[in-house]
Amino acid sequence: MSKPLRFIHPLHSLLPTEVEGFDSLAELALDLRWTWNHATDEVWRQLDPKLWNLTHNPWVVLQTVSRDQIERLMADAAFRKTVDKLVKIKRNAADSMTWFQQNHSQSHLSNVAYFSMEFMLSEALPIYSGGLGNVAGDQLKAASDLGVPVVGVGLLYQQGYFRQMIDKNGAQQALFPYNDPGQLPITPLRQANGEWLRLEISLPGYSVWLRAWQAQVGRVKLFLLDSNDAANFPAHRGITSELYGGGLELRLAQELLLGIGGWRLLAALGIQPEVCHLNEGHAAFAVLERARSFMQESGLPFEAALEITRAGNIFTTHTAVAAGFDRFDPILMQKYLGGYAEQELGITLPELLALGQQNPNDPSESFNMAYLAIRGSGAVNGVSRLHGEVSRHIFAPLFPRWPEEEVPVGHVTNGVHTPSWDSKLADDFWTGACGKDRWLGTVETLEQDMHGVDDAQLWQLRTEARKVLVKFARERLASQWAVTGEPQEECARARLLFDPDVLTLGFARRFATYKRPNLLLHDPERLLRLLTDPQRPVQLILA
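At position 310 of the sequence shown the residue is numbered 892 (this note's numbering), and the sequence of numbers has no breaks.
Right, dumping it as structure tokens:
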């Protein structure tokens, strides 16, 4: 007699949640604090070293590894002690007094909403492209460390930005791997009754349902929206498919979902931000939705509501050329926002378009998202002193008869969240010299400790780091060639490239014109001498 059919439940229901200690592993895996806490790396490496090295995604490791492996390791006293210690450190960090509480104890600031088209938090959550997402992700992490009350708002892309692969001939191959939400370190946002939090947003002729997700970033939450809901038409499910993909109409739809949908998500969660920070102009529609929300509360007309709410909006521009801002044709704006302007904001389409135009009397002028962001924000900044000057020049036409140096655009120099970017080797070294909490204060306090480091120790750190880099470059190049079908002997040759004992210079940036990669060839003869000097060899790694 044949055995009865056995129905297989979804993957998440088969996780060994009853195994003692599994909840602790899940707690660690689903908090992106692990992206800047090197101590957890060894836990995932012990569970599945190969998968960890390939993905650097603890949630994938935890869902993939066998029940027997989890039980075996959790029964190991040393491993269990490590896990319990890491969970305790994580919880203590979440409950401890923060820099913000100590230095701004009288502040009434309870919530800053940080809107961005992309966030770079980890390769385990690939919803980013480059520098814009880099800054956004690092700001969330820094806010977590410092205790600044921030929530992030973004989009969850099914494919994200393309993955670059370089074949043996140096040609770029663009790949679009699918992001399975079940294998990303995120969780569905659910209402009190257990129902998945979903929003209905009106677009021309149809509504789009948006699913809400949450990523935990230490003390900070990042909320993400995606349109890949079964209730949507297939074409509309793909609105949040690719980051910066498709044409202008798709881009406009994405930015509507981010700005209007993002603000409505905060309202659905009962979050009332005092400050709305726009990371570039992509999210500028949030200023309209914020004003609309205030109109409902106060009964004021749109113009007054915008004037009041703009005081709590901040716009950070990263763009160095005027052509880099998103612009939309008035006809497209009529299609997507005509009804919203008249029915929700109580204004005409020309009045709405005027917020994004230099010359409102020109009906053919495109709607500029950066112009909307500036007119809807109480403060505007570039990302460096020089960029502030460039931005004042770019936006000067909006302020006729103003001296260019008085155009109201300041600057806040970009920084990085150092714990995310230092290696375990460097972290251990500087922890010994300056303490684990060295980045929670001003860098001036570190100078004395850093000057006390022995030169020989510092050189040894650089030597070891160079060896790690060369090893990684060899393995990465060999794997790239293997994927493109190169013979095994060629792949083996890639593992012999570079010398771990030679001065190694790295250039890891996108080859965009404004990043000035041509400076590498500014003095070709000198570059040739540097690269061919047998007494002082130099090697370059371009990523």
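C-beta atoms are modelled at their ideal positions from N, C-alpha and C, and glycine is treated no differently.
Residues of the same chain with a CB within less than 7 Å of the CB of residue 757, apart from the 5 flanking positions on each side, are 744, 745 and 747 in chain order.
DSSP places residue 861 in the uninterrupted beta strand (DSSP E) bounded by 857–861.
When secondary structure is reduced to three states using DSSP, residue 727 falls in the helix class.
Per DSSP, reduced to three states, the secondary structure at residue 923 is helical. Non-local C-beta neighbours of residue 878 in its own chain, meaning closer than 6 Å and more than five positions away in sequence, are absent. Using a C-beta cut-off of 8 Å, the segment 720–729 makes no contact with the segment 821–837, since fewer than three inter-stretch Cβ pairs fall below that distance. Straight across, the Cα-Cα distance linking residue 1097 with residue 606 is about 44 Å.
Per the Cβ contact rule, the segment 851–863 is in contact with the segment 895–905 (3 or more Cβ pairs under 8 Å).
In the structure shown, residue 990 falls within a coil segment according to DSSP collapsed to helix, strand and coil. At the C-beta level, residue 928 and residue 884 come within 8 Å of one another. By the 16-neighbour rule on beta-carbons within 10 angstroms, residue 837 is buried. Approximately 16 Å separates the beta-carbon atoms of residue 614 and residue 770; this is outside 8 Å, ruling out the contact.
Distance from the CA of residue 857 to the CA of residue 633, rounded to the nearest whole angstrom, comes to 41 Å.
Counting other Cβ atoms within 10 Å of its Cβ, residue 976 reaches 16 or more and is therefore classed as buried. Residue environment analysis places residue 812 among the exposed positions, since fewer than 16 neighbouring C-beta atoms fall within 10 angstroms of its C-beta.
Only exposed fits residue 1089, as fewer than 16 other CB atoms lie within 10 angstroms of its CB.
For residue 826, no beta strand (DSSP E) segment is defined, and its DSSP state is neither H nor E. Taking 8 Å as the cut-off, the Cβ atoms of residue 994 and residue 963 count as close.
Assigned with DSSP and collapsed to three states, residue 663 falls in helix.
DSSP places residue 841 in the helix class (H, G or I) of the three-state scheme. Counting only runs that start and end inside the segment 618–666, the alpha helix (DSSP H) elements of at least 4 residues fall at 623–629, 631–637, 640–646 and 649–656. With a contact defined as Cβ atoms closer than 8 Å, residue 696 and residue 732 qualify at about 5 Å.
In the assembly as shown, residue 956 is a buried residue. Its beta-carbon has 16 or more other beta-carbons within 10 Å.
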